[in-house]
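Contents: one structure, followed by commentary.
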Amino acid sequence: MIDGFIALYIFALAAILGFEIISKVPVVLHTPLMSGSNFIHGIVLVGAMIALGHADTTLEKVFGFIAVFLGAGNAAGGYVVTERMLEMFKPRVKKQADEGDK
Amino acid sequence: MEFINEYLPYVIKSSYFLAAILFITGLRRMSAPGTARGGIVWAGWGMLIATIATFLLPDMHNMVLIIAALVSSTVLAWISGKKVAMTDMPQMVALYNGMGGGSAAFIGAMALFNAVDHLGGCQAGIIVDTPTTHDCLAGVSMIFAIVGVYIGAISLSGSLVAFAKLQGWLDRRFTFPGQNFFNGIVGIGTLLLGLYLTQDLNPNYIWIFFGLSLLLGLLMTLPIGGADMPVVISLYNAFTGLAVSFEGFVLQNEAMIIAGMLVGAAGTMLTQHMAKAMNRSLGSVLFGSMGGSGGAAIDGEMKEIEAQDAAIQMAFADRVIVIPGYGLAVAQAQHKLWEMTQLLLDRGVDVKFAIHPVAGRMPGHMNVLLAEAGVPYDLIEDMEDINSQFPQTDVALVIGANDVVNPVAKTDPESPIYGMPVLNVDEAKNSIVIKRGKGTGFAGIQNALFFAENNKMLYGDAQDAIAKLVSGLKAL
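Chain order of the listed sequences is A and B. Note that the working numbering numbers the first sequence so that position 55 is 106, with each residue one more than the last. Note that the working numbering numbers the second sequence so that position 94 is 462, with each residue one more than the last.
What follows is the structure, encoded as structure tokens:
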């Protein structure tokens with residue numbers, strides 16, 4: 052059981068980490084990063100599975116099915132699209148050092 | 369068997385822990401060009417581990433339904449994501465993001481309906497792991513569930529509108545007087561209804577609350593123009609992250625709490641970066657429309673050039689800078705452009721690409737498009753690096769870009785785009801602008817560059833115009 056205050060600490064630490072990671076990224080990476088973070092919140096799939104796994108009324112099952120369907124789409128689609136975008140960064144990464152400090 | 373049952377919870381908890389660490393590390397790696405590609409793979413492993421662990425949870429029912437939804441959606445999303453053209457990536461991100469927001473909203477709604485069924489003495493239901501009180505969804509959890517529905521639903525309907533706009537299904541903005549005020553009333557009213565739900569969990573009110581939240585996302589996004597969509601998608605990306613985090617609290621799932629909040633914060637930061645790169649404040653994107661006119665009228669006329677002449681001018685130049693813009697992305701002319709560039713390079717012309725931070729459909733998108741066409745990285749320069757080189761440039765070729773090369777942004781304080789960073793194309797010895805017509809850009813203002821003495825216009829679709837330049841160069 053995560054009580055309110057522990058949750059508050061987790062929220063705050065995760066948020067600070069998120070701000071910190073994105074505080075200095077080159078413009079080139081904005082779109083891939085948006086796509087990558089879009090994939091990461093696809094973890095909602097896990098929640099949807101848990102919710103559907105415990106659904107008992109018909110309404111809950113319908114909602115749960117929709118939630119799993121949407122969550123899986125977020126995760127799978129987010130991965131493919133990000134992977135394709137970042138594929139472009141594989142070859143010929145020149146001047147890595149000076150691009151990194153922008 | 370006993371042994372397994374005893375240790376299984378630890379295996380599952382550890383898997384979620386590992387997933388959270390992999391997400392954090394993955395995001396971190398994705399934020400640097402050298403490691404970006406590995407980053408998504410790390411995060412991908414995190415997702416896989418978390419998903420498998422979830423199947424091992426005790427007391428999971430409806431396995432057939434879960435697998436049916438999971439497999440069908442994964443296949444559909446995988447195929448659509450593989451097939452979509454590079455130019456259409458932004459709207460796919462919007463679509464998948466909306467799906468995530470919707471998933472979080474439905475989870476929240478389920479928790480609320482579940483609480484209705486078990487008011488009084490609850491024992492079963494999705495909040496089964498919280499053995500503290502009789503109210504399975506009480507206090508903080510209830511509020512998080514409600515706020516998660518609100519934010520998630522806005523993200524769902526808002527992202528779908530963004531998708532439709534970028535896809536070209538919705539090409540006009542819907543505005544009416546007092547719109548912001550009306551939207552504000554709907555937004556606050558819906559939130560108050562959500563607050564009321566904590567007191568009286570009536571199923572009808574849950575439906576209305578869900579519906580109004582969806583409507584709000586629609587109302588918020590319809591008046592925003594296509595040019596601002598990247599900022600909006602990024603904002604909804606952060607929204608989805610928050611909604612996921614809150615529903616993670618409701619479900620007591622640490623991986624969801626951490627990953628969701630990580631994206632919520634990172635997405636907010638990214639939204640600010642993008643808005644700044646476009647010289648727009650988040651407030652003006654969401655609540656204000658960009659002025660249709662403004663700034664002084666410009667004297668002079670636009671001079672047309674034939675493709676053949678333009679080809680000759682570039683072929684005998686020492687130095688050419690290409691400025692690709694939105695029009696190039698729309699026309700999907702990046703491959704043709706690279707063909708033209710190779711012809712010039714073969715003739716010994718020094719060719720560089722100048723990328724404005726918001727060229728294309730969203731920041732960084734143009735780099736991806738050029739890379740896809742095979743343009744080497746060392747030919748691509750950012751605005752800050754190349755802006756000083758325009759005076760030594762013989763020909764600056766602008767393709768489907770407008771506002772980002774408008775010198776008015778530097779000279780006319782009256783102009784709506786005054787202060788926006790622009791590429792100094794006006795300082796080049798000559799410039800050629802490929803453009804479909806004589807119209808204005810997104811900002812709806814005249815471009816002084818087009819009227820300049822040393823500027824020529826080459827009218828036509830980017831794809832056709834570059835094809836003509838290519839045949840012009842080959843004929844030399």
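From the three backbone atoms N, C-alpha and C, an ideal C-beta is built for every residue, glycine too.
State the CB to CB distance for the pair residue i and residue j, rounded to an integer number of angstroms; the pair is presumed to be in contact (CB under 8 Å).
| i | j | result |
| --- | --- | --- |
| G635 (chain B) | S86 (chain A) | Contact flag wrong, Cβ pair sits at about 11 Å. |
| M428 (chain B) | G104 (chain A) | 4 Å |
| T442 (chain B) | A127 (chain A) | 4 Å |
| V717 (chain B) | A741 (chain B) | 18 Å between Cβ atoms; not a contact. |
| L433 (chain B) | F116 (chain A) | 5 Å |
| M139 (chain A) | A739 (chain B) | 4 Å |
| S471 (chain B) | A118 (chain A) | 5 Å |
| I447 (chain B) | T133 (chain A) | About 16 Å; that fails the 8 Å criterion. |
CA-CA distance, residue i and residue j?
| i | j | result |
| --- | --- | --- |
| H703 (chain B) | G768 (chain B) | 15 Å |
| H486 (chain B) | G562 (chain B) | 19 Å |
| D750 (chain B) | A387 (chain B) | 35 Å |
| L68 (chain A) | I417 (chain B) | 22 Å |
| L837 (chain B) | F818 (chain B) | 20 Å |
| G476 (chain B) | D107 (chain A) | 16 Å |
| R715 (chain B) | N798 (chain B) | 19 Å |
| G728 (chain B) | M597 (chain B) | 12 Å |
| T82 (chain A) | P458 (chain B) | 8 Å |
| G593 (chain B) | L376 (chain B) | 51 Å |
| Y564 (chain B) | L524 (chain B) | 23 Å |
| E821 (chain B) | G805 (chain B) | 19 Å |
| G579 (chain B) | L424 (chain B) | 34 Å |
| T639 (chain B) | I556 (chain B) | 23 Å |
| N605 (chain B) | A796 (chain B) | 39 Å |
| Y573 (chain B) | I522 (chain B) | 17 Å |
| V529 (chain B) | Y518 (chain B) | 17 Å |
| G361 (chain B) | I72 (chain A) | The first residue shown for chain B is 369 and the last is 844, placing residue 361 (chain B) beyond what the model contains. |
| Q757 (chain B) | I389 (chain B) | 44 Å |
| Y827 (chain B) | F549 (chain B) | 42 Å |
| S845 (chain B) | A532 (chain B) | Nothing in the structure corresponds to residue 845 (chain B), since chain B is present only between 369 and 844. |
| D677 (chain B) | I91 (chain A) | 51 Å |
From this set, the options, which residue's C-alpha is nearest residue i's C-alpha?
| i | options | result |
| --- | --- | --- |
| L59 (chain A) | B:L424, B:S471, B:G616 and B:Y384 | B:G616 |
| D746 (chain B) | B:P759, B:V766, B:I723 and B:S756 | B:I723 |
| I813 (chain B) | B:V773, B:M825 and B:L837 | B:V773 |
| V631 (chain B) | A:P77, A:G93 and A:V78 | A:G93 |
| D780 (chain B) | B:L583, B:A796, B:K806 and B:A816 | B:A816 |
| A611 (chain B) | B:I553, B:H641 and B:M629 | B:M629 |
| V113 (chain A) | B:M454, B:F481 and B:L587 | B:F481 |
| F474 (chain B) | A:M136, A:D54, A:V95 and A:V132 | A:V95 |
| M136 (chain A) | A:A65, A:L80, A:G55 and A:E71 | A:L80 |
| F542 (chain B) | B:F655, B:G466 and B:I447 | B:F655 |
| G466 (chain B) | B:T422, B:G609 and B:E782 | B:G609 |
| M637 (chain B) | A:I61, A:V119, A:D54 and A:L84 | A:L84 |
| I57 (chain A) | B:I626, B:A411 and B:V452 | B:I626 |
| A764 (chain B) | B:E782, B:D771 and B:I800 | B:I800 |
| P789 (chain B) | B:G693, B:I408, B:A645 and B:A833 | B:A645 |
In the structure shown, what three-state DSSP assignment does residue i receive?
| i | result |
| --- | --- |
| F818 (chain B) | helix |
| L738 (chain B) | helix |
| K533 (chain B) | helix |
| S799 (chain B) | strand |
| P458 (chain B) | helix |
| P692 (chain B) | strand |
| E749 (chain B) | strand |
| I673 (chain B) | coil |
| K824 (chain B) | strand |
| F544 (chain B) | coil |
| T501 (chain B) | For T501 (chain B), the predicted model reports a pLDDT of 37, less than 50, meaning its position is unreliable and no value from the coordinates is stated. |
| A701 (chain B) | coil |
| F684 (chain B) | coil |
| V76 (chain A) | coil |
| K451 (chain B) | helix |
| A418 (chain B) | helix |
| K806 (chain B) | coil |
| L844 (chain B) | coil |
| I519 (chain B) | helix |
| V743 (chain B) | coil |
| D718 (chain B) | strand |
Check whether the Cβ of residue i sits closer than 8 Å to any heavy atom of the ligand GDP, and report yes or no.
| i | result |
| --- | --- |
| H641 (chain B) | For the structure depicted, the ligand GDP is absent and the ligand set is empty, with no information on it obtainable. |
For residue i, which residues in chain C fall below 7 Å Cβ to Cβ?
| i | result |
| --- | --- |
| V719 (chain B) | No chain C appears in this structure, whose protein chains are A and B. |
Quiz prompt | 4 or more residues per run - each alpha helix (DSSP H) lying fully within the stretch 86 to 146 of chain A | solution = 95 to 104 and 109 to 138
Self-check item: Minimum length 3: unbroken beta strand (DSSP E) runs contained in the stretch 760 to 795 of chain B
Solution: 763 to 767
Quiz item: At what residue ranges does the stretch 545 to 620 of chain B contain a whole run of the alpha helix (DSSP H), taking only runs of 4 or more?
Solution: 547 to 565, 571 to 589 and 597 to 618
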